[in-house]
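Undergrad:
Residue numbers (this note's numbering): 395 to 635.
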């Protein structure tokens, strides 16, 4: 695999610590001290974040986050995305996104390679439609709905729980998002537990963004990743990219 730029848009060190050194593929973390298998079958030990970092405050945990870096695959005709692990080299997922001039989405998220097993599809109607749908191989669907025309909050359900992607601030409403449990949205922000955080790479040619997931939600990695990629694509449309 061609080596990507080591860091065309480095994550802000004021918010995130430097990426930890991976001894193997490190996509999946766990909330316990036991090693966890990755999509490629490798195993890693859970690592710690230094107390007092803003990342610890952001995700509400001292465990190392589940970390992905998304890069646009400019070699192919279309808008495909390569999703790499924290080492920024290991290909964990591949988003196949054929260009469609009508604005429709027919994306296919695959594990490990462009031809790997399909995890899900991400579909949306024409460019004027805000909501999108994650379709699983079993036929089940997860709708990611925009809450209103006046904000960029998106919500979706996973079993009994409902989640909400919400912009970190008004001036970052098309760039940086945090995923919260809907049941905690009435609480002060300091009392909520973030589920995940998406940071769009600003002014980057290749890198699309970085996704950090609270390791307590390692069982929902694929759903969170799919909704984050869908949200970023919708924001790209709003940004006119």
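Just so you know, even glycine gets a beta-carbon here, dropped at the ideal spot from N, CA and C.
Looking at C-beta atoms only, is the number of pairs between the stretch 604-613 and the stretch 498-507 that lie closer than 8 Å three or more?
TA: The stretch 604-613, when compared against the stretch 498-507, does not touch it at the 8 Å Cβ threshold.
Undergrad: Please determine, among 467, 561, 479, the residue with the shortest C-alpha to C-alpha distance to residue 615.
TA: In the chain shown, residue 615 corresponds to position 221, counting from 1. Answer by Cα proximity: 479.
Undergrad: Measure the alpha-carbon distance for residue 591 versus residue 511 and round it to whole angstroms.
TA: Along the chain shown, one-based indexing puts residue 591 at 197. Along the chain shown, one-based indexing puts residue 511 at 117. Residue 591 and residue 511: Cα-Cα distance of roughly 26 Å.
Undergrad: Assuming contact is defined by CB atoms lying nearer than 9 Å, are residue 571 and residue 559 in contact in what I supplied?
TA: Residue 571 sits at position 177 when you count from the first residue of the chain shown. Residue 559 sits at position 165 when you count from the first residue of the chain shown. Result yes, Cβ atoms of residue 571 and residue 559 sit closer than 9 Å.
Undergrad: Report yes if the C-beta distance between residue 529 and residue 621 is below 9 Å; otherwise report no.
TA: Working through the chain shown from its first residue, we reach residue 529 at position 135. Working through the chain shown from its first residue, we reach residue 621 at position 227. Contact flag unset, no.
Undergrad: Excluding the five sequence neighbours on either side, which residues of its own chain have a C-beta within less than 6 Å of the C-beta of residue 513, listed in chain order?
TA: Start at 1 with the first residue of the chain shown, and residue 513 comes out as number 119. Correct list, in chain order: 503, 505, 616.
Undergrad: Which value, in whole angstroms, describes the spacing of the CA atoms of residue 628 and residue 476?
TA: Counting from one through the chain shown, the residue named residue 628 turns up at place 234. Counting from one through the chain shown, the residue named residue 476 turns up at place 82. Near 18 Å, if we compare the C-alpha coordinates of residue 476 and residue 628.
Undergrad: Provide the residue span of the beta strand (DSSP E) that contains residue 501, from first to last.
TA: Position 107 of the chain shown, counting from 1, holds the residue named residue 501. 499-505 is the span of the beta strand (DSSP E), which, as asked, contains residue 501.
Undergrad: Let's test the definition: count the other Cβ atoms within 10 Å of the Cβ of residue 490 and tell me whether it reaches 16, buried, or not, exposed.
TA: Within the chain shown, the letter at position 96 stands for residue 490. Buried, by the Cβ-count rule.
Undergrad: Look at the Cβ atom of residue 541, then the Cβ atom of residue 532, and state whether they are nearer than 9 Å.
TA: Taking the chain shown and counting its residues from 1, one reaches residue 541 at position 147. Taking the chain shown and counting its residues from 1, one reaches residue 532 at position 138. In this structure, residue 532 does not lie closer than 9 Å to residue 541 by Cβ.
Undergrad: Could you compute how far the alpha carbon of residue 524 sits from the alpha carbon of residue 539?
TA: For the purposes of this step, residue 524 is taken as residue 130 along the chain shown, with counting starting at 1. For the purposes of this step, residue 539 is taken as residue 145 along the chain shown, with counting starting at 1. Distance between the alpha carbons of residue 524 and residue 539: 7 Å.
Undergrad: Take residue 461 and list the residues in its own chain whose beta-carbon comes closer than 6 Å to its own, dropping the five residues that flank it on each side.
TA: The residue you call residue 461 lines up with position 67 of the chain shown. Closer than 6 Å at Cβ, skipping near neighbours: 480, 606.
Undergrad: Which residue marks the beginning of the beta strand (DSSP E) containing residue 606, and which one marks its end?
TA: In the chain shown, residue 606 corresponds to position 212, counting from 1. Its beta strand (DSSP E) spans residues 601-607.
Undergrad: Please state the DSSP three-state secondary structure of residue 628.
TA: Locating residue 628 in the chain shown gives position 234, where the first residue counts as 1. Looking at residue 628 - three-state DSSP - the assignment turns out to be helix.
Undergrad: Leaving aside the five residues before and after residue 562 along the sequence, list all residues of the same chain whose C-beta is less than 7 Å from its C-beta, in chain order.
TA: Taking the first residue of the chain shown as position 1, residue 562 is located at position 168. 570, 571, 572, listed in sequence order.
Undergrad: Do residue 626 and residue 602 have their beta-carbon atoms positioned less than 9 Å apart in this structure?
TA: In the chain shown, counting from the first residue as 1, residue 602 sits at position 208. In the chain shown, counting from the first residue as 1, residue 626 sits at position 232. Yes; because the gap between Cβ atoms is below 9 Å, this pair is in contact.
Undergrad: Looking at C-alpha atoms only, which residue of 473, 611, 467, 483 is the closest neighbour of residue 555?
TA: The residue labelled residue 555 in the question sits at position 161 within the chain shown. Closest by alpha carbon: 611.
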